[in-house]
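First the structure, in the form of structure tokens, and then the observations on it.
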Amino acid sequence: MASSPSLALSFLVLLVLATFTTTTVLATNNLPPSSAPALSPASSAAAKEFLRATCTSKSELPELCFDILLPYASSFNGSQGKVARASAAIAIERHGGLLDELRGLKPGPGDVGTERRMLVMLLSDCVRDFDATYMFADETLARIDFLVSGRGSEEQRASDKLRANVWLTSAMDSGVSCTDWFNEEGSHGRPASSPVGKKVIAGCATATHYMSIALELLVNCITT
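Heads up: the sequence shown runs through residues -27 to -1, 1 to 197, numbered per mature numbering (1 follows the signal peptide of the UniProt record, and there is no 0).
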């Protein structure tokens, strides 16, 4: 059931990330606060082509990658690192948005008895898993900002890239785990078929795709 090894894994990831909150993080914290990129003016044909080429060569979801990032294309100025940073910021914003949505979801009036209790428990576990990873979102984006800035030693940059990779992977796994819990065979009342279950699964699919693209671009576009 939802009290699975995945929750334990999430807390292990948190422990690893906390352990590596060292002087490297103090350096990254001098950068501006993390946020989603600002919408840019209408993009030129060259800016669009650069973005499309980057998404095609660096992501396994090129069309979604392009669609998500197109509103910011003119701000990249030929930098694949900036593309990766924007993708991470957008994925983090979606992760946080889904966490807020999950907190507000409740079983419907047709969900009663054991089925209702099951849905309440599943929602609680999904919220706990998403919340556990989200607490390191700003720190992760600060690390990516630092990488894009080109500063730091090779060793420091490799460490920051690894920590960012660990967090993005953990955040993506939150969506996968939540979906799996709702789809789990033998769950009483088929929670995946309930209205709230369908909302959760759809939301997790979007968040997981966004995080997957961010992870691909981090790995493939930012060098150490």
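Glycine included, each C-beta is placed from N, C-alpha and C at the ideal position. Just so you know, these numbers come straight off a predicted model, no measurement behind them.
Neighbour-count burial assignment, residue i, 16 or more Cβ in a 10 Å radius
i              : result
threonine 87   : exposed
threonine 29   : exposed
methionine 145 : buried
proline 113    : Per the sequence shown, the amino acid found at residue 113 is threonine instead of proline. Its Cβ being crowded by 16 or more others within 10 Å, threonine 113 is buried.
alanine 19     : exposed
aspartate 40   : exposed
serine 185     : buried
glutamate 178  : It should be noted that the sequence gives alanine, not glutamate, for residue 178. Exposed is the call here.
arginine 67    : buried
alanine 180    : buried
serine 143     : buried
serine 32      : buried
7 angstroms CB neighbourhood of residue i in its chain, flanking five on each side removed
i                 : result
phenylalanine 155 : Leu95, Pro164, Ala165, Gly170, Val173 and Ile174
glutamate 74      : Gly176
isoleucine 65     : Ala110 and Leu114
alanine 187       : Ser60, Ala61, Ala64 and Leu141
arginine 25       : Phe39
phenylalanine 23  : Phe49 and Gly51
arginine 116      : Thr1, Asp133, Arg136 and Ala137
valine 89         : Correcting the residue identity first, residue 89 is arginine in this sequence and not valine. Closer than 7 angstroms at the Cβ level, and outside the excluded window around arginine 89, lie Pro80.
threonine 197     : Glu127, Arg130, Ala131 and Lys134
serine 17         : Ser47
Spatial neighbours of residue i in its chain, beta-carbon cut-off 8 angstroms, leaving aside the 5 residues before and after
i             : result
histidine 182 : Leu34 and Leu37
leucine 72    : Val100, Phe103, Asp104 and Tyr107
valine 121    : Ser52, Gly54, Lys55, Ala57, Arg58 and Ile195
lysine 21     : Leu43 and Ala46
8 angstroms contact criterion, which residue i and residue j should meet: CB distance rounded
i           : j            : result
alanine 151 : glutamine 53 : Note on identity: in this sequence residue 151 is cysteine, with alanine being the wrong assignment. About 31 angstroms separates the two Cβ atoms, so there is no contact after all.
valine 56   : leucine 141  : That belief does not hold up - the Cβ atoms of valine 56 and leucine 141 are roughly 15 angstroms apart, past 8 angstroms.
serine 167  : leucine 78   : Contact doesn't hold; Cβ gap of about 11 angstroms is too wide.
Own chain residues within Cβ distance below 6 angstroms of residue i, not counting five before or after
i            : result
serine 147   : Asp102, Phe103 and Thr106
threonine 27 : Gln53 and Val56
arginine 124 : none
Residue i: CB within 6 angstroms of a non-hydrogen atom of the ligand MG
i            : result
aspartate 98 : The model on display carries no ligand, and the ligand MG is accordingly not part of it.
Legend entry - Inter-stretch contact (C-beta, 8 angstroms, three-pair minimum) for the region 127 to 139 and the region 72 to 86: As far as the Cβ criterion goes, the region 127 to 139 does not touch the region 72 to 86, which means the pair count is below three.
Legend entry - Uninterrupted alpha helix (DSSP H) stretches inside the region 51 to 117 (no shorter than 4 residues): Look at the region 51 to 117 and you find these whole runs of alpha helix (DSSP H), each 4 residues long or longer: 53 to 77 and 86 to 107.
Legend entry - Every unbroken alpha helix (DSSP H) within the region 132 to 197, with a cutoff of 4 residues, ordered by chain: Annotation note: the region 132 to 197 contains the following uninterrupted alpha helix (DSSP H) runs of length 4 or greater, listed N- to C-terminal: 168 to 194.
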